[in-house]
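Trainee: Numbering of the sequence shown is given in our numbering, commencing with residue -8 and proceeding in unit increments. Structure incoming, see below.
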Amino acid sequence: MFIFQNPSDRRAIVEETIRPNHSGRVRFQGSWWFARCMADITIEPGEEVCVVGHQGITLLVEPSLVLTSGKN
-8 MFIFQNPSDR RAIVEETIRP NHSGRVRFQG SWWFARCMAD ITIEPGEEVC VVGHQGITLL
52 VEPSLVLTSG KN
């Protein structure tokens, strides 16, 4: 469904809260999508997530990690 050339291609922004076992909505590549997170966490609007797959037309996401190139 999606081909990602680099990690930034996988970024989405949460627009509607994603709760455990419930879909929310994200903005991804200029479109709105339903999204779920398989982890037992809540992701709030405005948070950045990473698209890791899909089930039908629902994106599977994880919270984004900020990479600092070895800096702390």
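C-beta: ideal position from N, C-alpha, C; glycine also.
For Ser14, which residues does DSSP report across the bridge?
Mentor: Here residue 14 corresponds to residue number 23 of the sequence shown, with the count starting at 1. BP columns for Ser14 are empty, so no partner.
Trainee: Mind checking Leu56: buried by the 16 CB within 10 Å criterion, or exposed?
Mentor: As a first step, residue 56 is located in the sequence shown; it is residue number 65 there, counting from the start. Classification of Leu56: exposed, given that the 10 Å Cβ count is below 16.
Trainee: What does the alpha-carbon distance come out to for the pair Glu35 and Arg2?
Mentor: Here residue 35 corresponds to residue number 44 of the sequence shown, with the count starting at 1. Here residue 2 corresponds to residue number 11 of the sequence shown, with the count starting at 1. C-alpha of Glu35 to C-alpha of Arg2: approximately 15 Å in a straight line.
Trainee: Using the Cβ count rule (16 or more neighbours within 10 Å means buried), how would you classify Ile48?
Mentor: Position 57 of the sequence shown holds residue 48. Classification of Ile48: exposed, given that the 10 Å Cβ count is below 16.
Trainee: Leaving out the 5 sequence neighbours to the left and right, which residues in its chain are closer than 8 Å to Trp23 when beta-carbon positions are compared?
Mentor: Here the question's residue 23 lines up with position 32 in the sequence shown. Correct list, in chain order: Glu6, Arg16 and Val17.
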